[in-house]
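Worksheet: one structure, shown below.
Number of protein chains: 2
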Amino acid sequence: MVRVLRAAAAQMGPTQKADSREHTLHRMLRLLDEAAARGATLVVFPELAFTTFFPRWLIEGEALDQYCERSMPNPDVQPLFDRARALGVGFYVGYAELTAEGRRYNGSILVDRDGSILGRYRKVHLPGSVEPRANARYQQLEKRYFDYGDLGFPAFRAGPAWRDAIMGMMICNDRRWPESWRVLGLQGVELVCIGYNSAAYDPNGGSTEDASLRTFHSTLVTQANAYMNATWAIAVAKAGEEDGSGLIGGSCIVDPNGRIVAQAQTLADEVITADLDLDLCRQGKEKMFNFAAHRRPEQYAVITERAGVVEPAVLEDH
Amino acid sequence: MVRVLRAAAAQMGPTQKADSREHTLHRMLRLLDEAAARGATLVVFPELAFTTFFPRWLIEGEALDQYCERSMPNPDVQPLFDRARALGVGFYVGYAELTAEGRRYNGSILVDRDGSILGRYRKVHLPGSVEPRANARYQQLEKRYFDYGDLGFPAFRAGPAWRDAIMGMMICNDRRWPESWRVLGLQGVELVCIGYNSAAYDPNGGSTEDASLRTFHSTLVTQANAYMNATWAIAVAKAGEEDGSGLIGGSCIVDPNGRIVAQAQTLADEVITADLDLDLCRQGKEKMFNFAAHRRPEQYAVITERAGVVEPAVLEDH
Numbered sequence: 401m402v403r404v405l406r407a408a409a410a411q412m413g414p415t416q417k418a419d420s421r422e423h424t425l426h427r428m429l430r431l432l433d434e435a436a437a438r439g440a441t442l443v444v445f446p447e448l449a450f451t452t453f454f455p456r457w458l459i460e461g462e463a464l465d466q467y468c469e470r471s472m473p474n475p476d477v478q479p480l481f482d483r484a485r486a487l488g489v490g491f492y493v494g495y496a497e498l499t500a501e502g503r504r505y506n507g508s509i510l511v512d513r514d515g516s517i518l519g520r521y522r523k524v525h526l527p528g529s530v531e532p533r534a535n536a537r538y539q540q541l542e543k544r545y546f547d548y549g550d551l552g553f554p555a556f557r558a559g560p561a562w563r564d565a566i567m568g569m570m571i572c573n574d575r576r577w578p579e580s581w582r583v584l585g586l587q588g589v590e591l592v593c594i595g596y597n598s599a600a601y602d603p604n605g606g607s608t609e610d611a612s613l614r615t616f617h618s619t620l621v622t623q624a625n626a627y628m629n630a631t632w633a634i635a636v637a638k639a640g641e642e643d644g645s646g647l648i649g650g651s652c653i654v655d656p657n658g659r660i661v662a663q664a665q666t667l668a669d670e671v672i673t674a675d676l677d678l679d680l681c682r683q684g685k686e687k688m689f690n691f692a693a694h695r696r697p698e699q700y701a702v703i704t705e706r707a708g709v710v711e712p713a714v715l716e717d718h
Numbered sequence: 401m402v403r404v405l406r407a408a409a410a411q412m413g414p415t416q417k418a419d420s421r422e423h424t425l426h427r428m429l430r431l432l433d434e435a436a437a438r439g440a441t442l443v444v445f446p447e448l449a450f451t452t453f454f455p456r457w458l459i460e461g462e463a464l465d466q467y468c469e470r471s472m473p474n475p476d477v478q479p480l481f482d483r484a485r486a487l488g489v490g491f492y493v494g495y496a497e498l499t500a501e502g503r504r505y506n507g508s509i510l511v512d513r514d515g516s517i518l519g520r521y522r523k524v525h526l527p528g529s530v531e532p533r534a535n536a537r538y539q540q541l542e543k544r545y546f547d548y549g550d551l552g553f554p555a556f557r558a559g560p561a562w563r564d565a566i567m568g569m570m571i572c573n574d575r576r577w578p579e580s581w582r583v584l585g586l587q588g589v590e591l592v593c594i595g596y597n598s599a600a601y602d603p604n605g606g607s608t609e610d611a612s613l614r615t616f617h618s619t620l621v622t623q624a625n626a627y628m629n630a631t632w633a634i635a636v637a638k639a640g641e642e643d644g645s646g647l648i649g650g651s652c653i654v655d656p657n658g659r660i661v662a663q664a665q666t667l668a669d670e671v672i673t674a675d676l677d678l679d680l681c682r683q684g685k686e687k688m689f690n691f692a693a694h695r696r697p698e699q700y701a702v703i704t705e706r707a708g709v710v711e712p713a714v715l716e717d718h
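Protein sequences, first through last, are from chains A and B.
According to this note's numbering, the first sequence holds residues 401 to 718 in order.
According to this note's numbering, the second sequence holds residues 401 to 718 in order.
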């Protein structure tokens, strides 16, 4: 069996706070149509794709609910599911999940080509803070609005329509943490789907990192972690200026050698595609990164024993 | 205190099997002199710097001992220690260690500017095989010749002569494993020293990876893991054709943003230097990679629970 899968990254330009959900969904349908017309059978949308990146705002009480999905699918997003199924295209999409118990997660789903939900994921690595930063125009309140993901990093085995691919999901900041990738790698992952909304610069005026450096970071971690786990990766941005706060683009499709095979050139709605030969993962998985032969977990204990840094003592006399 | 340290990577060209130890040591002294003349106070030499990369050969019995150091320093290498101390320069060097009990390790040491040994390391991620590959001209027999390193990945706090830097060591293949970096990162490492001997292509005729791709891999993992742990890194090759078997170059000094600040341009003896501002690590360690705030070890259990891959089941009916 030739295990080639044509996939698309559907980068989205900015979504303003005032944009209607219908308008945003219409953009997503157009991206889906374009990807399908180019032969893709998998389309990866960004994190929190149906709305603006609302964690930059301090929002109290029930006003938050308008940004959340109480079930998936639901009437607001059903047209995306219907169109995808009609086209025979599956997709990854990120969204804010509100559970029946009132918990919120920064979540994603993987929807198969027949419209069934192949997998669910909830973001583990929430950045930002619980308390708003005083006197800041823009916040990063993911730690306030969301619970930490409680599903681990599960890998899912697709069916023949996706060449029996072993697939995994991350959301945004997860991609900067090699642990996310390794937990998927230890399940033999062949394709990692990632949506992100990453600040292009310090929105509150800091100047230590610019958009160029932040895009470099995003691309670098995707490339290296794909290589170190011998997997394909598709990383997809919501990009551009949302209500004056910039987001990087740089959506990319990366092969198991860590090479970029396609990359977005704009900060707007843009589809990129590539043919993913899943068997290109085999060389890495069988040789350099044959985990069973070469990993030494007995030397890694501290990785799971503690979260934070313990420095060696400063020498008194040297 | 301004925490700037001028460091050098002392890339070495090839060392043939027939080269005398004196000849090789003389080359190292010249590299040391050049680095010191350029103001470096730390010089990083490659893995197995005193000899050819002997694990490519099947060597039986006591013939192996000529490639090993029974103590460090010892009379064969004492001139390097003496010159370094006279110059006020410390160094990292890789070598094959033979213990009093007859065990062999692929080891390295970090020698302080006063000539004292600041730290010892033994390579954890041994590549290759125990049994020679039949009918192959070149072997990769590290798993045959060496025991797995049993010292973990210890970080060492230098004294004021190196700005109280927190330093760690890896050897070659270790750098491709994010676990190596994370164990050091969890000790607050600010500078990782790495020596390597990495094949430029399949020495036995395979053609899936060429020197360009293998150099890319080496540089990519150094950059990304430096960024993901907010540390400086110095990765140093033994490069060029050793008895017909090619080794990549690409020695580099990488900043805590993952950017290359200096890189070797040859496959020969070559010194590159850079000024390392250790406080550039702080932004990453305090914000994006504030491990105590953002890591979620409870989701990483599988990383230390098992070495190898367990794939999700193939779907029977989908």
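No residue lacks a Cβ here, since even glycine has one placed at the ideal position from N, Cα and C.
Interface partners of A:Met-628 on chain B, CB under 7 Å: The residue you call residue 628 of chain A lines up with position 228 of the first sequence. Near A:Met-628 (Cβ distances below 7 Å), the residues of chain B are Arg-576, Pro-578, Val-621.
Would you say A:Val-511 reaches chain B, if we count a Cβ-Cβ gap shorter than 8 Å as a contact? As a working mapping, residue 511 of chain A is identified with position 111 in the first sequence. By this cut-off, A:Val-511 is not an interface position.
Given a cut-off of 8 Å, decide if A:Gly-488 and A:Arg-513 are closer than it, judged by their beta-carbon atoms. Within the first sequence, residue 513 of chain A is the residue found at index 113, counting from 1. Within the first sequence, residue 488 of chain A is the residue found at index 88, counting from 1. Result yes, Cβ atoms of A:Arg-513 and A:Gly-488 sit closer than 8 Å.
Using beta carbons (cut-off 8 Å, strictly below), is A:Gln-587 in contact with chain B? Position 187 of the first sequence holds residue 587 of chain A. So yes, A:Gln-587 belongs to the interface.
For B:Ile-594 and B:Val-511, the rounded distance between their alpha carbons: Taking the first residue of the second sequence as position 1, residue 511 of chain B is located at position 111. Taking the first residue of the second sequence as position 1, residue 594 of chain B is located at position 194. Those two C-alpha atoms are separated by around 14 Å.
Under the DSSP definition of a beta bridge, which residues are partnered with A:Glu-469? Locating residue 469 of chain A in the first sequence gives position 69, where the first residue counts as 1. DSSP lists A:Glu-497 as partners of A:Glu-469.
7 Å CB neighbourhood of A:Ala-633 in its chain, flanking five on each side removed: As a working mapping, residue 633 of chain A is identified with position 233 in the first sequence. Val-592, Ile-594, Thr-622, Ala-626, Val-654, listed in sequence order.
For A:Arg-682 and B:Ala-463, I'd like the C-alpha separation in whole angstroms. Numbered from 1 along the first sequence, position 282 holds the residue referred to as residue 682 of chain A. Numbered from 1 along the second sequence, position 63 holds the residue referred to as residue 463 of chain B. For A:Arg-682 and B:Ala-463, the distance between alpha carbons rounds to 37 Å.
Close-in-space but distant-in-sequence residues of the same chain around B:Ala-561 (CB under 6 Å, 5 per side omitted): Counting from 1 along the second sequence, the entry for residue 561 of chain B is found at position 161. Result list for B:Ala-561: Arg-513, in chain order.
On a Cα-Cα basis, can you pick out the residue from B:Ile-571, B:Tyr-601, B:Lys-685, B:Leu-442 that is closest to B:Phe-546? As a working note, residue 546 of chain B is residue 146 in the second sequence. From the listed residues B:Ile-571, B:Tyr-601, B:Lys-685, B:Leu-442, the smallest Cα separation to B:Phe-546 is found for B:Ile-571.
Report buried or exposed for B:Val-710, applying the criterion of at least 16 other Cβ atoms within 10 angstroms of its Cβ. As a working note, residue 710 of chain B is residue 310 in the second sequence. By the neighbour-count rule (16 or more Cβ atoms within 10 Å), B:Val-710 is not buried but exposed.
Determine whether the Cβ of B:Ala-437 lies closer than 8 Å to any Cβ atom of chain A. Against the second sequence, residue 437 of chain B aligns to sequence position 37. By this cut-off, B:Ala-437 is not an interface position.
Could you check what DSSP says for B:Ser-645 in three-state terms: helix, strand or coil? Taking the first residue of the second sequence as 1, we reach residue 645 of chain B at position 245. Strand, per DSSP.
Using DSSP bridges, identify the partner residues of B:Lys-638. By one-based count along the second sequence, residue 638 of chain B stands at place 238. Answer is B:Met-412.
Have a look at A:Thr-704, A:Gly-519, A:Thr-608, A:Glu-542 and flag the residue whose alpha-carbon is nearest the alpha-carbon of A:Leu-526. In the first sequence, residue 526 of chain A corresponds to position 126, counting from 1. The candidate whose alpha carbon is nearest that of A:Leu-526 is A:Glu-542.
At a CB distance below 9 Å, what residues from the stretch 553-571 of chain B approach chain A? Give them in sequence order. Phe-553, Pro-554, Ala-555, Phe-556, Arg-557, Ala-558, Gly-559, Pro-560, Ala-561, Asp-564, Ile-566
How many angstroms separate the CA atom of B:Ala-437 from the CA atom of A:Tyr-700? Along the second sequence, read from residue 1 onward, the residue named residue 437 of chain B stands at position 37. Along the first sequence, read from residue 1 onward, the residue named residue 700 of chain A stands at position 300. Cα to Cα, B:Ala-437 sits roughly 40 Å from A:Tyr-700.
State yes or no: is the C-beta of B:Phe-445 within less than 8 Å of the C-beta of B:Gly-494? Taking the first residue of the second sequence as position 1, residue 445 of chain B is located at position 45. Taking the first residue of the second sequence as position 1, residue 494 of chain B is located at position 94. Yes; because the gap between Cβ atoms is below 8 Å, this pair is in contact.
Using beta carbons (cut-off 8 Å, strictly below), is B:Thr-615 in contact with chain A? Within the second sequence, residue 615 of chain B is the residue found at index 215, counting from 1. By this cut-off, B:Thr-615 is not an interface position.
What do you get for A:Ser-607, buried or exposed, if any count of 16 or more other CB atoms within 10 angstroms of its CB means buried? Counting from 1 along the first sequence, the entry for residue 607 of chain A is found at position 207. Per the 10 Å Cβ criterion, exposed.
Helix, strand or coil for A:Met-393? Go by DSSP, reduced to three states. With chain A covering 401 to 718 only, the question about residue 393 of chain A has no answer from this structure.
Limits of the unbroken alpha helix (DSSP H) element including A:Glu-686: Residue numbering aside, residue 686 of chain A sits at position 286 when the first sequence is read from its first letter. Per DSSP, A:Glu-686 belongs to the alpha helix (DSSP H) from 681-686.
Does any residue of chain B bring its CB to less than 8 Å from the CB of A:Pro-532? Within the first sequence, numbered from 1, the residue matching residue 532 of chain A stands at position 132. Cβ-Cβ to chain B under 8 Å: no for A:Pro-532.
Using a beta-carbon distance cut-off of less than 7 Å, what residues from the stretch 635-664 of chain A approach chain D? Going by chain labels, chain D is absent from the structure shown, which instead holds the protein chains A and B.
If you pair each beta-carbon of the stretch 635-650 of chain B with each one of the stretch 636-653 of chain A, do three or more pairs fall below 8 Å? no
A:Gly-519 - containing beta strand (DSSP E), residue span: Against the first sequence, residue 519 of chain A aligns to sequence position 119. Where A:Gly-519 is concerned, the enclosing beta strand (DSSP E) stretches over 517-522.
Using 10 angstroms around the beta-carbon of B:Asn-573, count the other beta-carbons present and answer buried if the total reaches 16, otherwise exposed. Along the second sequence, one-based indexing puts residue 573 of chain B at 173. Burial call: buried.
Residue-level contact to chain B via CB, A:Ile-703, 8 Å cutoff: Translated into the one-based positions of the first sequence, residue 703 of chain A becomes position 303. So, interface residue.
Contacts around A:Ala-664, its chain only, beta-carbon distance under 6 Å, and the 5 residues preceding and following it disregarded: Position 264 of the first sequence holds residue 664 of chain A. Answer for A:Ala-664: Gln-411, Gly-649, Ser-651, Glu-670, Ile-672, listed in chain order.
Using the three-state DSSP reduction, which class does B:His-718 fall into: helix, strand or coil? Within the second sequence, numbered from 1, the residue matching residue 718 of chain B stands at position 318. Since pLDDT at B:His-718 reaches only 46, below the 50 mark, its modelled position is unreliable, and the value read off the structure follows with that caveat. Note: B:His-718 maps to coil in three-state DSSP.
State the DSSP-derived secondary structure class of B:Tyr-545, mapped to helix, strand or coil. By 1-based counting over the second sequence, the position of residue 545 of chain B is 145. Helix.
Find the nearest neighbour of A:Pro-697 within the set B:Ala-624, B:Asp-476, B:Thr-704, B:His-423, judged by alpha-carbon distance. Looking up residue 697 of chain A in the first sequence gives position 297. That would be B:Thr-704, whose Cα lies nearest to the Cα of A:Pro-697.
For A:Arg-456, collect the residues of the same chain with a Cβ closer than 6 Å to its Cβ; drop the 5 residues on either side in sequence, then sort them by chain order. On the first sequence, position 56 is the one that residue 456 of chain A refers to. Around A:Arg-456: Tyr-538, Gln-539, Ser-645.
Below 8 Å on the Cβ atoms is my guess for B:Asn-629 versus B:Trp-581; work out the distance and round it to an integer in Å. Numbered from 1 along the second sequence, position 229 holds the residue referred to as residue 629 of chain B. Numbered from 1 along the second sequence, position 181 holds the residue referred to as residue 581 of chain B. Indeed they touch by this definition, with Cβ atoms about 5 Å apart.
Is B:Ala-674 closer than 8 Å to B:Thr-662 when the C-beta atoms are compared? Working through the second sequence from its first residue, we reach residue 662 of chain B at position 262. Working through the second sequence from its first residue, we reach residue 674 of chain B at position 274. Before going on, a small fix: residue 662 of chain B reads as Ala here, not Thr. Result yes, Cβ atoms of B:Ala-662 and B:Ala-674 sit closer than 8 Å.
Assuming B:Tyr-601 and B:Glu-609 are in contact, meaning their beta carbons sit under 8 Å apart, how far apart are those beta carbons, in whole angstroms? Reading the second sequence from its first residue, position 201 is the one you call residue 601 of chain B. Reading the second sequence from its first residue, position 209 is the one you call residue 609 of chain B. The Cβ separation is near 7 Å, so the contact holds.
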